[in-house]
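*Asks:* Protein chains in written order, with the numbering used here: chain A, 1 to 174; chain B, 175 to 303.
C-beta: ideal position from N, C-alpha, C; glycine also.
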């Protein structure tokens, strides 16, 4: 199995586990694609977590505002009708758990890796890109009818650096 | 005597979940304090008598392992049990937490039963009437 296959398998397993354990939800789908072009403009909520070490990259979760509210409501057992601090925090933490679990799985093959603190963006018509990375592994899920995209890029570091908790190497274009 | 617990996590969502889970454990808990990072945690501990700390690892300013090291190096706080609750499941992080003196380690995502199981033997159950 190559690294892309491993990452896709880890993403699927981790996302389903986190949704089941923390949200009482079941993710269906799990279609895997490799994307090499820049992302289409996004509407909604996107969260990022940087990965650093001898390999570096970014993990990301993209969903609609309604899906983000649903994640928050299920996680905190409360009402969430609009995207507020609680909703953004819940999406960030779910992303942290999913990508953190994948990172732990990958450490068995790649050695120690570090995670950044999550960053969450909510808005309309924005693009994202990751500097120096050409290939993203996309995994598309459905939570009932709501689409959810989880993706990751990872490549060997040109200059292996110490693991830190800095910001992910992503840029935002609005 | 009922316990005071400090929950340390930069995610308000996780602090809320842990607070709810702790209230459901049946343990004898008086107050659950919260902090968003290690520095805030030390400030809370300077003002309250804390019996147990539940801490994330990846946090801004001062992370959970730095907090753990600070507590274990303190004559005042070294005996307070610290349970790490974190996405960091790698052997190196677990080994580091154990070496620094963590009383337990729970990986996120977690269930209420996993939290309760980890706290049995650390906290006293609430007295039955």
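By the criterion of Cβ-Cβ separation under 9 Å, what are the contact partners of residue 18 (chain A) in chain B?
*Replies:* Chain B residues near residue 18 (chain A): 282, 283.
*Asks:* So residue 21 (chain A) contacts chain B; which residues on that side make the cut at Cβ distance below 8 Å?
*Replies:* Those within 8 Å of residue 21 (chain A) in chain B are 283, 284, 285.
*Asks:* In chain order, which alpha helix (DSSP H) runs of at least 4 residues are fully inside the stretch 30-103 of chain A?
*Replies:* Listed in chain order, the complete alpha helix (DSSP H) runs (minimum 4 residues) inside the stretch 30-103 of chain A are 65-76.
*Asks:* Against chain D, does residue 185 (chain B) count as a neighbour if the rule is that its beta carbon must be under 9 Å from one of theirs?
*Replies:* In the structure shown, chain D cannot be found, because the protein chains are A and B.
*Asks:* Residues of chain B with a CB under 7 Å from the CB of residue 112 (chain A): which are they?
*Replies:* Those within 7 Å of residue 112 (chain A) in chain B are 264, 266.
*Asks:* Please list, in chain order, all residues of the same chain as residue 205 (chain B) whose beta carbon is under 7 Å from its beta carbon, the five residues on each side excluded.
*Replies:* Result list for residue 205 (chain B): 178, in chain order.
*Asks:* Do residue 57 (chain A) and residue 152 (chain A) have their beta-carbon atoms positioned less than 9 Å apart in this structure?
*Replies:* A contact, by the Cβ cut-off of 9 Å.
*Asks:* Taking beta-carbon pairs under 8 Å, can you tell me which members of the stretch 63-91 of chain A lie near chain B?
*Replies:* Cβ contacts with chain B: 72, 75, 76, 77, 85, 86, 89, 90.
*Asks:* With distances taken from CA atoms, which of A:28, A:106, A:85, A:77 is nearest residue 51 (chain A)?
*Replies:* Nearest of A:28, A:106, A:85, A:77 to residue 51 (chain A), Cα basis: A:106.
*Asks:* Please determine, among B:292, B:175, B:275, B:251, the residue with the shortest C-alpha to C-alpha distance to residue 221 (chain B).
*Replies:* The shortest C-alpha separation from residue 221 (chain B) is found at B:251.
*Asks:* I need the DSSP call for residue 235 (chain B), collapsed to helix, strand or coil.
*Replies:* Note: residue 235 (chain B) maps to coil in three-state DSSP.
*Asks:* Who pairs with residue 114 (chain A) in a beta bridge, going by DSSP?
*Replies:* Answer is A:52.
*Asks:* Take residue 3 (chain A) as the anchor and find which of A:61, A:22, A:137 has the nearest alpha-carbon.
*Replies:* Per the Cα distances, A:137.
*Asks:* Would you verify that the beta carbon of residue 104 (chain A) is, or is not, closer than 9 Å to some beta carbon of chain B?
*Replies:* Residue 104 (chain A) counts as touching chain B.
*Asks:* Anyone know if the C-beta pair for residue 238 (chain B) and residue 219 (chain B) falls short of 9 Å?
*Replies:* In this structure, residue 219 (chain B) does not lie closer than 9 Å to residue 238 (chain B) by Cβ.
*Asks:* So if I threshold CB-CB distances at 9 Å, which residues from the stretch 186-220 of chain B count as touching chain A?
*Replies:* Those would be 186, 187, 188, 190, 191, 194, in chain order.
*Asks:* Given that a residue counts as buried once 16 or more other Cβ atoms are within 10 Å of its Cβ, and exposed if not, what is residue 125 (chain A)?
*Replies:* With fewer than 16 Cβ atoms within 10 Å of its Cβ, residue 125 (chain A) is classed as exposed.
*Asks:* My output table needs one value for residue 140 (chain A): the three-state DSSP class, helix, strand or coil.
*Replies:* Note: residue 140 (chain A) maps to strand in three-state DSSP.
*Asks:* Starting from the C-beta of residue 134 (chain A), find all residues in its chain whose C-beta is less than 7 Å away, skip the five residues before and the five after it, and write them out in chain order.
*Replies:* Only 36 meet the Cβ criterion.
*Asks:* If you run the structure through DSSP and keep just helix, strand and coil, what is residue 158 (chain A)?
*Replies:* Three-state result, residue 158 (chain A): coil.
*Asks:* With 9 Å as the threshold, decide whether the Cβ of residue 97 (chain A) is near any Cβ in chain B.
*Replies:* Yes, because at least one Cβ of chain B sits closer than 9 Å to the Cβ of residue 97 (chain A).
*Asks:* Tell me whether residue 21 (chain A) sits in a helix, a strand or coil according to DSSP, three-state version.
*Replies:* Helix, per DSSP.
*Asks:* Classify residue 82 (chain A): buried if its beta carbon has 16 or more other beta carbons within 10 angstroms, exposed otherwise.
*Replies:* Burial call: exposed.
*Asks:* From residue 53 (chain A) to residue 157 (chain A), what distance separates their C-alpha atoms?
*Replies:* Their Cα atoms are separated by approximately 7 Å.
*Asks:* Compare the beta carbon distance of residue 64 (chain A) and residue 144 (chain A) with 9 Å and say whether it is the shorter of the two.
*Replies:* Taking 9 Å as the Cβ cut-off, residue 64 (chain A) and residue 144 (chain A) do not qualify as a contacting pair.
*Asks:* Can we count residue 246 (chain B) as close to the ligand FAD, meaning its CB is less than 8 Å from some heavy atom?
*Replies:* In the structure shown, the ligand FAD is absent, as is every other ligand, since no ligand is present at all.
*Asks:* Of the choices B:290, B:246, B:211, B:195, whose alpha-carbon is the least far from that of residue 77 (chain A)?
*Replies:* Closest by alpha carbon: B:195.
*Asks:* Which term fits residue 7 (chain A), buried or exposed, when burial requires 16 or more other beta carbons within 10 angstroms of its beta carbon?
*Replies:* The residue in question, residue 7 (chain A), is buried, as its Cβ has 16 or more Cβ neighbours within 10 Å.
*Asks:* Below 8 Å on the Cβ atoms is my guess for residue 71 (chain A) versus residue 59 (chain A); work out the distance and round it to an integer in Å.
*Replies:* About 16 Å separates the two Cβ atoms, so there is no contact after all.
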